[in-house]
Amino acid sequence: MDRITLEPGKRGGRPCIRGLRISVNDVLSMLSSGMSQQDVLDDFPELTEQDIMAVLAYAADREHRV
211 MDRITLEPGK
221 RGGRPCIRGL
231 RISVNDVLSM
241 LSSGMSQQDV
251 LDDFPELTEQ
261 DIMAVLAYAA
271 DREHRV
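Throughout the sequence shown, residue numbering follows the working numbering, covering 211 to 276 in sequence.
The structure is reproduced here in structure tokens:
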């Protein structure tokens, strides 16, 4: 989970990936729209497979806490 960062001044304080301006929601939206993990990686070469797995783990953890 250290790949997911929260910075008050970045993306409105939304959780982002490794301090980048790519939010957890951005990646989840892409995946839920039918993009494959490889499609996301192709669109954002600064991301890694581990980043996408961290996004999914973060979302699962948030859902579990509700």
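Every residue, glycine too, gets a C-beta built ideally from N, C-alpha and C. Keep in mind that this is a model prediction, so the values were computed, not measured.
Near R224, which residues of its chain fall below 6 Å by C-beta distance, leaving aside the five closest residues on each side in sequence?
Counted from its first residue, the sequence shown places residue 224 at position 14. In its chain, beyond the 5 residues on either side, S233 have a beta carbon closer than 6 Å to the beta carbon of R224.
How many angstroms separate the CA atom of N235 from the CA atom of R272?
Along the sequence shown, one-based indexing puts residue 235 at 25. Along the sequence shown, one-based indexing puts residue 272 at 62. Cα-Cα distance, rounded: 12 Å.
Evaluate D253 with the Cβ neighbour count: other Cβ atoms within 10 Å of its Cβ, from every protein chain shown; 16 or more gives buried, anything less gives exposed.
Start at 1 with the first residue of the sequence shown, and residue 253 comes out as number 43. Around the beta carbon of D253, a 10 Å sphere encloses fewer than 16 other beta carbons of the protein chains shown; the residue is thus reported as exposed.
Within 10 Å of its beta-carbon, does A264 have 16 or more other beta-carbons around it, so buried, or fewer, so exposed?
As a first step, residue 264 is located in the sequence shown; it is residue number 54 there, counting from the start. The residue in question, A264, is buried, as its Cβ has 16 or more Cβ neighbours within 10 Å.
Rounded to a whole number of angstroms, what is the C-alpha to C-alpha distance between P255 and G222?
The residue you call residue 255 lines up with position 45 of the sequence shown. The residue you call residue 222 lines up with position 12 of the sequence shown. Their Cα atoms are separated by approximately 23 Å.
Please work out which residues of its chain come closer than 6 Å, Cβ to Cβ, to M240, disregarding the five sequence neighbours upstream and downstream, and give them in chain order.
Here residue 240 refers to the residue found at position 30 when the sequence shown is read from its first residue. Closer than 6 Å at Cβ, skipping near neighbours: V250.
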